[in-house]
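Heads up, the thing below is written out as structure tokens.
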Amino acid sequence: MKPEKQSPGKKICLIVALIWTVGAVLWGAQIWSALKTDASSWGHYILLLLLFAACALRWFWKWLHTET
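Start counting the sequence shown at 1; every next residue gets the next number (the working numbering).
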């Protein structure tokens with residue numbers, strides 16, 4: 001029999017969410033820099049920003065709904 005899967009603790013969820021949030025902010029800065037220099041790669045940065053933001057939101061949601 002497989003052991004029951006345990007959810008990460010509330011503190012771990014918050015730490016992971018903050019890491020994803022910092023990543024999203026950094027990609028936002030890359031977009032800002034690319035737009036100021038008329039670089040053509042800003043489209044890729046938007047996709048990465050959306051990915052990082054979605055992961056951050058998912059972990060914040062998990063943090064809010066974790067008991068301990």
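All C-beta atoms in this analysis are idealised placements derived from N, C-alpha and C, irrespective of residue type, glycine included.
Own chain, CB closer than 7 Å to residue i, minus 5 neighbours either side, in chain order
| i | result |
| --- | --- |
| Ala17 | Ala56, Trp59, Phe60 and Trp63 |
| Leu48 | Trp27 |
| Ala34 | Ser41, Trp42 and Tyr45 |
| Ser7 | Thr66 |
Residue i - DSSP class collapsed to helix/strand/coil
| i | result |
| --- | --- |
| Gly9 | coil |
| Lys36 | helix |
| Thr66 | coil |
Alpha-carbon to alpha-carbon, residue j and residue i
| i | j | result |
| --- | --- | --- |
| Trp32 | Leu51 | 17 Å |
| Glu4 | Thr37 | 52 Å |
| Thr21 | Lys11 | 15 Å |
Beta-carbon gap between residue i and residue j smaller than 8 Å
| i | j | result |
| --- | --- | --- |
| Ala69 | Ala29 | With the chain running from 1 to 68 in the structure shown, residue 69 is simply not present. |
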